Amino acid sequence: MSAAAYAETFRRSIEAPEAFWAEQAAGLRWTRPWTRVLDDSAAPMYRWFSGGELNTCDNALDRWIDEGRGDVPALVYDSPVTGTVASFTFRELRDRVATFAGALRDNGVGRGDRVVIYMPMVPEAVIAMLACARIGAVHSVVFGGFAAPELAKRIDAAEPVLVVSASCGIEPGRIVEYKPLLDQAIAIAAHKVPRTIVLQRPQALAMMTAGRDVDWQDAVAAATPADCVPLAATDPLYVLYTSGTTGKPKGVVRDNGGHAVAMRYSMQAVYGCGVGDTFWAASDIGWAVGHSYIVYGPLLSGCTTILYEGKPVGTPDAGAFWRVISQHKVKAFFTAPTAFRAIKKEDPKGELLEGYDLSAFRTLYLAGERCDPDTIAWAGALLQRPVIDNWWQTELGWPAIANPLGIEAVPVKPGSAALPVPGYDVQVLDEHGARAKPNEIGNVVIKLPLPPGTLLTMWNNEQGYRDNYLARYPGYYLAGDAGMVDEDGYLWVMSRIDDIINVAGHRLSTGEMEQVLASHPDVAECAVIGAADALKGQIPVGLVVLKSGVAKSADDISRELVAAVREQIGAVAAFKQVHVVARLPKTRSGKVLRATMRSIADGQPYAMPATIDEPRVLDEIAATLAPRTSPPA
1 MSAAAYAETF RRSIEAPEAF WAEQAAGLRW TRPWTRVLDD SAAPMYRWFS GGELNTCDNA
61 LDRWIDEGRG DVPALVYDSP VTGTVASFTF RELRDRVATF AGALRDNGVG RGDRVVIYMP
121 MVPEAVIAML ACARIGAVHS VVFGGFAAPE LAKRIDAAEP VLVVSASCGI EPGRIVEYKP
181 LLDQAIAIAA HKVPRTIVLQ RPQALAMMTA GRDVDWQDAV AAATPADCVP LAATDPLYVL
241 YTSGTTGKPK GVVRDNGGHA VAMRYSMQAV YGCGVGDTFW AASDIGWAVG HSYIVYGPLL
301 SGCTTILYEG KPVGTPDAGA FWRVISQHKV KAFFTAPTAF RAIKKEDPKG ELLEGYDLSA
361 FRTLYLAGER CDPDTIAWAG ALLQRPVIDN WWQTELGWPA IANPLGIEAV PVKPGSAALP
421 VPGYDVQVLD EHGARAKPNE IGNVVIKLPL PPGTLLTMWN NEQGYRDNYL ARYPGYYLAG
481 DAGMVDEDGY LWVMSRIDDI INVAGHRLST GEMEQVLASH PDVAECAVIG AADALKGQIP
541 VGLVVLKSGV AKSADDISRE LVAAVREQIG AVAAFKQVHV VARLPKTRSG KVLRATMRSI
601 ADGQPYAMPA TIDEPRVLDE IAATLAPRTS PPA
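Just so you know, the sequence shown maps onto residues 1 to 633 in full-length UniProt numbering.
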């Protein structure tokens, strides 16, 4: 690659998107070529590869068998919670998927029907997803263990003809029975699910309802393998629900053609991985990362993918990730910053890394929330590998801002996710729609059309898509994040728009304050929220979790943190409160629940978030924050 490889690639993607994406699409197996690369006839509801036909499962599995890679590992299941490691070749995985696709068909599932998948991190979950793709059914994966009312909401929204589930999930030290939750959700839901297929796990066998519930093994034993069904590129592949601000889940719709093209391209351009490489995303199939980079991205690229049923710490210790990377010769690893903060808290000196062979390991990728520079520096120093931040959203499906290692590595600026990925015209606009000046915080937007692989619309709610994402700045997609562009064109996504606080008329980023707190040597992780204040409108309140073995008192550390923010950001921030807490409330995907904590600090009512990992943590936070009193001036 030439020194200007990224700049030239990005320019072509923006100035000649049809030619650019046609080149990327040529790497897939199509049953019918497209008639239009970019269909703008219904703008701003753009479509990619109109007229084309393909099958995502065929491109993820069958094509590799046909190209002589049938005996190469496609999926490695690593489950420290059950003590299981199992490997499936492309041929073995294809055969299991085809058979389960036949079982779905036998149980009334056809093209265009929805199937809700409510499962733990087991191979059958991936098999169910790919089986839906094989016969043209639309899957909607719900995180295993979600509360019954939230599962019911997603059942009502998707109206599935069948739910695929398991008897239980396994967490460190406990068994979570899924079937009672599923039974309760089906009872609550207005849409009545006619059939379920349940995988019985030996750790907790489920009670089955006669006439509705079918045992996975029985369904598979009676099935005949199903062939791939050619699908329109614009047909939906899946619906993935993300929590909405109104409490009603938003169903992000992903297509078949554009999605497959984008997955394959991003694996090469962003993650630098292709045929024969081993890629690991330590996420869950219930999240967008799991869809994109546990299942579809790696398999569409001919990679071996790791399916991990475990945690960064506690299964058995904070060296779990190093063991997996070493044992399976992982080349690129993708996880959330919160996972590394947990490891840093438990093993601040990285002593558990010793003895593991990481010679095959090339790059660590962090995304899911803003990564503080201190965590990037800690991970980089420990691993002696590039640590690459990347920014995207469930709605987008693949990175919009990243260091494009597969094209050209650019210098890292800790705290910035780097540059727009080819295909994404990312900009920062002010309140009036004008381009923000360099280093001026504004609203992050993406100029339309969005590239392939991003959301088509919201399921059964096109107006909601238009209102939430397209109305604020006509011609642009509103990301909902605040950020800035520096003088080198690097993008800094600082926080959600709601996390820009107004302190006595000054607009300040809580993300910038968090960056200061995270740089303290004793802080493992942190959050800053804006709390209502009668005098200043809002004031920032910090919450920090300390590393293990810290000798200083909480009061001393709090004083040091207040002084650091005053020194680096200034007195204008009015930063005077820091609380040391045992842990922060998070979603299961690792995002800190800042909006919920803000409601607690303000004494406002709040609903228990459906995605919360440990509900009792909110009680601890409430005891810390409420009643909140402003400190003396």
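C-beta atoms are modelled at their ideal positions from N, C-alpha and C, and glycine is treated no differently.
None of these values were measured; they are calculated from a predicted model.
Find out if the Cβ-Cβ distance for the pair residue i, residue j is shorter than 9 angstroms.
i: E514; j: A534; result: no
i: R29; j: N59; result: yes
i: Y365; j: A332; result: yes
i: A226; j: A101; result: yes
i: L405; j: Y271; result: yes
i: I376; j: P414; result: yes
i: D62; j: C303; result: no
i: N461; j: G251; result: yes
i: H432; j: D78; result: no
i: A531; j: P540; result: yes
i: P123; j: A86; result: yes
i: L450; j: V516; result: no
i: V126; j: L93; result: yes
i: I557; j: D522; result: yes
Just to check my reading of the structure: residue i and residue j have Cβ atoms closer than 8 angstroms, yes? What is that Cβ distance to the nearest angstrom?
i: L491; j: I401; result: 5 angstroms
i: V503; j: V572; result: 7 angstroms
i: P236; j: E53; result: Incorrect: roughly 14 angstroms between the Cβ atoms, too far for contact.
i: Y469; j: K447; result: About 13 angstroms separates the two Cβ atoms, so there is no contact after all.
i: W378; j: A417; result: Not confirmed; about 18 angstroms, so no contact.
i: residue 649; j: V295; result: The first residue shown for the chain is 1 and the last is 633, placing residue 649 beyond what the model contains.
i: V164; j: L240; result: Not a contact, Cβ separation roughly 15 angstroms.
i: V426; j: V444; result: 7 angstroms
i: T148; j: A190; result: At residue 148 the sequence reads Ala, which differs from the Thr that was named. A148 to A190, Cβ: 14 angstroms. No contact.
Please determine, among the options, the residue with the shortest C-alpha to C-alpha distance to residue i.
i: V485; options: D255, V516, A436, G530; result: A436
i: A74; options: D66, T82, F90; result: F90
i: T305; options: G297, H432, R583; result: G297
i: A233; options: F20, E8, C57, L383; result: C57
i: D613; options: V176, G211, P422; result: V176
i: A336; options: L162, D284, D215, W64; result: D284
i: T510; options: D522, A482, G350, K536; result: A482
i: P160; options: V138, G145, F321, R594; result: V138
i: V330; options: V76, L455, P521, A125; result: V76
i: residue 634; options: E354, S326, T596, Q393; result: Nothing can be reported for residue 634: it is not among the residues displayed for the chain, which extend from 1 to 633.
i: P120; options: D66, V198, P399, R114; result: V198
i: A206; options: H291, A25, D215, S167; result: S167
i: S266; options: R154, W398, L508; result: W398
Could you tell me the alpha carbon to alpha carbon distance between residue i and residue j, rounded to whole angstroms?
i: A524; j: S548; result: 8 angstroms
i: E309; j: S519; result: 31 angstroms
i: M1; j: I407; result: With a pLDDT of only 38 at M1, under 50, the local geometry of the prediction cannot be trusted, and no value is derived from it.
i: L182; j: L618; result: 25 angstroms
i: A7; j: A16; result: 14 angstroms
i: residue 707; j: F334; result: Any answer about residue 707 is impossible in this case: the structure gives the chain only from 1 up to 633.
i: A5; j: D602; result: 50 angstroms
i: Y465; j: A471; result: 9 angstroms
i: D255; j: Y46; result: 12 angstroms
i: G423; j: P44; result: 16 angstroms
i: L584; j: L543; result: 8 angstroms
i: P632; j: K576; result: Only weak support is given to the placement of P632: the predicted model assigns it a pLDDT of 38, under 50, and the value that follows is read from those uncertain coordinates. Cα-Cα distance, rounded: 9 angstroms.
i: R96; j: T224; result: 11 angstroms
i: A3; j: V545; result: Residue placement at A3 cannot be trusted, given a pLDDT of 49 that sits under 50; what the coordinates show is reported in the next sentence. Cα-Cα distance, rounded: 42 angstroms.
i: P386; j: P411; result: 10 angstroms
i: W34; j: D106; result: 32 angstroms
Is there at least one non-hydrogen atom of the ligand ZN closer than 8 angstroms to the beta-carbon of residue i?
i: D58; result: Ligands displayed in this structure: none; no statement on the ligand ZN is therefore possible.
For residue i, which three-state DSSP category applies?
i: M119; result: coil
i: N502; result: strand
i: K345; result: helix
i: W216; result: helix
i: D533; result: strand
i: A564; result: helix
i: Q577; result: strand
i: D467; result: helix
i: K250; result: strand
i: Q24; result: helix
i: M484; result: strand
i: T457; result: coil
i: M494; result: strand
i: Y241; result: strand
i: A60; result: helix
i: W378; result: helix
If we define contact as Cβ-Cβ less than 9 angstroms, is residue i a contact residue for chain C?
i: A551; result: Included in the structure is just one protein chain, with no chain C present.
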